[in-house]
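The numbering of the sequence shown is the working numbering, which starts it at 659 and goes up by one. Using N, Cα and C, we set each Cβ at its ideal position, and we do this for glycine too. Only a predicted model underlies this, so the values are computations on that prediction, with no experimental measurement involved. The structure under discussion appears below in the form of structure tokens.
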Amino acid sequence: CGIISGFLEKEANGFYNSQMLVQPNGEIEIYRKTHLFFDEKELFEPGNTGFNVFEFRGARLGLMICFDWIFPESARTLALKGAEIICHSANLVLPFCQKAMITRSIENRVFIITANRTGVEKNSRQKFTFTGMSQITSPKGEILAQAKVIQRKQEISLLRKRTIFLLIEKESFTRYKTYNS
659 CGIISGFLEK EANGFYNSQM LVQPNGEIEI YRKTHLFFDE KELFEPGNTG
709 FNVFEFRGAR LGLMICFDWI FPESARTLAL KGAEIICHSA NLVLPFCQKA
759 MITRSIENRV FIITANRTGV EKNSRQKFTF TGMSQITSPK GEILAQAKVI
809 QRKQEISLLR KRTIFLLIEK ESFTRYKTYN S
């Protein structure tokens, strides 16, 4: 048995939004989120591990976190490094990621497991509604399994943020040097 889990990682230079793969023998592999989403830049350092592939019980796994999905280079880099399965943990608030993961599976010939959060989170400044619908997609574009949506309420302020997000130049988020590592 192995475990993949997201966690807050503290290092001397700051905090990282990280993901760990705990191998059956106890060995731990770490991935640090490459593409930070909006306010995350105030809390976390951009990941410095690059996109790596790990052997796990005869399969080659790649790790990816949340907003990394929107950049085709993330999944492509993992596929070029030999990933057969991409494990994508997420707190998705954008409604179209799950559909895009089908495309990522097809274009890279990999299985993708997206484990997404559900529910609503509020703080003093904002409210997030997570889209749920965790899923497994195949290299043929099939949805092999998909969880249901727990909550579908959309807030006007969140919809405005999504619209603003779509207008932002990709240059502000893209990290070209990471894809060549």
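Terminal residues of the beta strand (DSSP E) in which residue i lies
i    : result
K719 : For the record, residue 719 in the displayed sequence is Leu; it is not Lys. Run containing L719: 717-723, per the beta strand (DSSP E) assignment.
K668 : 661-669
Q804 : 801-804
Straight-line gap, residue i to residue j (C-alpha atoms, nearest Å)
i    : j    : result
T735 : E703 : 21 Å
N675 : K798 : 31 Å
K739 : Q784 : 38 Å
G664 : L701 : 16 Å
Coarse secondary structure for residue i, derived from DSSP in three states
i    : result
T789 : strand
C755 : helix
T608 : In the structure as shown, the chain begins at 659 and stops at 839. Residue 608 is therefore absent and cannot be evaluated.
K780 : strand
L750 : coil
S676 : strand
Beta-carbon proximity of residue i to residue j, cut-off 8 Å
i    : j    : result
K699 : D726 : no
E769 : I743 : Sequence inspection shows Phe at residue 769; the Glu mentioned does not correspond to that position. Yes, they are a contact pair.
L721 : C755 : no
N774 : F786 : no
Y795 : I760 : For clarity, residue 795 is Thr in the given sequence; the question names Tyr instead. Yes, Cβ-Cβ distance for T795 and I760 is below 8 Å.
CB contact check: residue i to chain C, cutoff 8 Å
i    : result
Y837 : Absent from the structure is chain C; it holds one protein chain and no more.
Unbroken alpha helix (DSSP H) run spanning residue i, endpoints
i    : result
R775 : R775 -> no alpha helix (DSSP H), and no H or E assigned at all.
S732 : 730-738
E700 : 698-701
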